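Here the sequence shown is numbered in our numbering, starting from 189 and rising by one per residue.
Step one of this worksheet: look at the structure below.
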Amino acid sequence: MEETEKVRLTPFEKNLEIWKQLWRTCELADCVAQIVDARDPMFYRCEDLERYVKELDKGKECVMVLNKADLLHEELRSAWADTFDEMGVKYLFWSAKAATEKIEQDAILEKRRKALARLEAEEKARIEAEETARREAEEWAECPAEARAREAKEK
């Protein structure tokens, strides 16, 4: 192919095992998602893969996930959306960076919630211990002197 069509193949493209895995995955999948860079989706989109999936089964879905959508202006996202709608391509704008930041933010909030719950539990235990000590002191003060002496000997 490299000699006849003057196309240069990467080692990845020459690896038959990779192709077998891709074909098998497409056969088993109900939906195939292509993750492409939103800044130039047509460069990264593989229409041959979409055709292959549809040849396997017309009911299989192909979805183009446009990653790094946070780097596009709203007007450009809207223009791409119009283009893909006209082409009949199913698509989804996505930002892995924004999703990761959200996950990290949620994790920080969860840690804070747990720390607050732990502090509240410790404060509750401290208050209960103080309350118990106060009650015991009151009971001690109400005991006759001999009972106090007897308890002191037992300890």
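Using N, Cα and C, we set each Cβ at its ideal position, and we do this for glycine too.
As the structure is a prediction and not an experimental result, all values here were calculated from the model.
Coil, strand or helix - Cys219 by DSSP: strand
Alpha helix (DSSP H) containing Leu237: first to last residue? Glu235 to Leu244
Tell me which residues share the same chain as Glu249 and place their Cβ nearer than 6 Å to its Cβ, disregarding the 5 neighbours each side in the sequence. Cys219
Look at Trp282 and Val241 and say whether their C-beta atoms are less than 8 Å apart. no
Could you pull the start and end residues of the beta strand (DSSP E) that Leu280 belongs to? Lys278 to Phe281
Runs of alpha helix (DSSP H) lying entirely within the stretch 254 to 303, each at least 4 residues, in chain order: 262 to 275
Same chain only: Cβ atoms within 7 Å of Pro229, ignoring 5 sequence neighbours per side: Met252, Leu254 and Trp268
Flag this pair as yes or no: are the beta carbons of Arg227 and Leu260 separated by less than 8 Å? yes
Own chain partners of Phe272 with C-beta closer than 6 Å, once the 5 adjacent residues on each side are dropped: Tyr279
Would Lys285 pass as a contact of Asp258 if the rule is Cβ separation under 8 Å? yes
Apart from the five residues on each side of it in sequence, which residues of its chain come closer than 8 Å, Cβ to Cβ, to Asp236? none
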